[in-house]
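Counting with my numbering, you get residues 61 to 241 for the letters of the sequence shown. Ideal placement from N, C-alpha and C gives every residue a C-beta, glycine not left out. These numbers were taken from a predicted model, which means no experiment stands behind them. Structure record follows, encoded as structure tokens.
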Amino acid sequence: MAYAHWHARTDRVLCVVENVAAVAAGAVLVAIMVLVSLDAILRHAFAAPLTFQLTLTEDYLLVAMVLLALPWGYRKGGAIQVRLLLDSCPAAFNQMVIRLGLLAAAVYLAALAWFSWGRFLDALVNDEVTMGVIDWPVDWSWVWVPLGLGLLALRVLLDAVAPTLKPIGSDHEVEEGPEHP
Numbered sequence: 061m062a063y064a065h066w067h068a069r070t071d072r073v074l075c076v077v078e079n080v081a082a083v084a085a086g087a088v089l090v091a092i093m094v095l096v097s098l099d100a101i102l103r104h105a106f107a108a109p110l111t112f113q114l115t116l117t118e119d120y121l122l123v124a125m126v127l128l129a130l131p132w133g134y135r136k137g138g139a140i141q142v143r144l145l146l147d148s149c150p151a152a153f154n155q156m157v158i159r160l161g162l163l164a165a166a167v168y169l170a171a172l173a174w175f176s177w178g179r180f181l182d183a184l185v186n187d188e189v190t191m192g193v194i195d196w197p198v199d200w201s202w203v204w205v206p207l208g209l210g211l212l213a214l215r216v217l218l219d220a221v222a223p224t225l226k227p228i229g230s231d232h233e234v235e236e237g238p239e240h241p
């Protein structure tokens, strides 16, 4: 019972962090829409495009939007599970295979987060820039990768060790009840 309580509390904390990241991703999406629309209007109406818009959008904003939304999307059911072989196997075997698959995915995502964190730090320490109309710092393009993948790795790991395995591709919201105050 203590483990289930710890897991539920950890899940609630992670849900809050994922929600904050999803709201940030939504704000980035709004910024992308405003910038692209403004650029199109200025380009066609006044022949004065926003020269920074394309690089800012594709190298920074889109990366942030996608990676910050990943953990929330997974938690809300944005995942696919191929069940071709699982449906013909015993339920206990399915549970073990799914948990092992989730653990392997969590390890892989954590490794991606770790190595991308190293790439971010390397770009930060070396003051790497992409030269153009504006010299764009490379580190701010990379910072979103370890944040998003790290959160997703935590979510997948938490699902793998859950007392009750939640179906992949279903909403993972914590249900309030007597054991979850």
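- Positions of the alpha helix (DSSP H) runs, each at least 4 residues long and wholly inside the region 169-238, are given as 199-202 and 204-220 in order along the chain.
- Inter-segment contact for the region 99-118 and the region 68-76 is absent: fewer than three beta-carbon pairs are separated by less than 8 angstroms.
- The region 125-140 and the region 178-193 do not touch, with fewer than 3 CB-CB distances between them shorter than 8 angstroms.
- Setting aside the 5 residues that flank it on each side, residue 206 is surrounded in the same chain by 173, 176, 177 and 180, each with a C-beta closer than 7 angstroms to its C-beta; the list follows chain order.
- Residue 62 carries a helical assignment under DSSP once its states are collapsed to helix, strand and coil.
- In this structure, residue 198 keeps its C-beta atom at 7 angstroms or more from the C-beta atom of residue 222.
- Between the beta-carbon of residue 186 and that of residue 132 there is about 32 angstroms, and that puts the pair past the 8 angstroms contact cut.
- Between the alpha carbons of residue 100 and residue 171 lies a distance of about 40 angstroms.
- By the Cβ criterion, the region 147-167 is not in contact with the region 114-124, since fewer than three pairs of Cβ atoms, one from each stretch, lie closer than 8 angstroms.
- Taking every protein chain shown into account, the CB of residue 201 has 16 or more other CB atoms within 10 angstroms, so this residue is buried.
- In this structure, the straight-line span from the alpha carbon of residue 153 to that of residue 128 is close to 33 angstroms.
- When secondary structure is reduced to three states using DSSP, residue 108 falls in the coil class, being assigned neither helix nor strand.
- Around the Cβ of residue 194, a 10 Å sphere holds fewer than 16 other Cβ atoms; the residue is exposed.
- Nearest Cα to residue 66 within the set 218, 122 and 231: 218.
- Rounded to whole angstroms, the gap between the alpha carbons of residue 92 and residue 102 is 15 angstroms.
- By the criterion of a C-beta distance shorter than 8 angstroms, residue 96 is surrounded in its chain by 113 and 117, once the five residues flanking it on both sides are discounted.
- The beta-carbon separation of residue 204 and residue 124, rounded to 4 angstroms, stays under the 8 angstroms limit for a contact.
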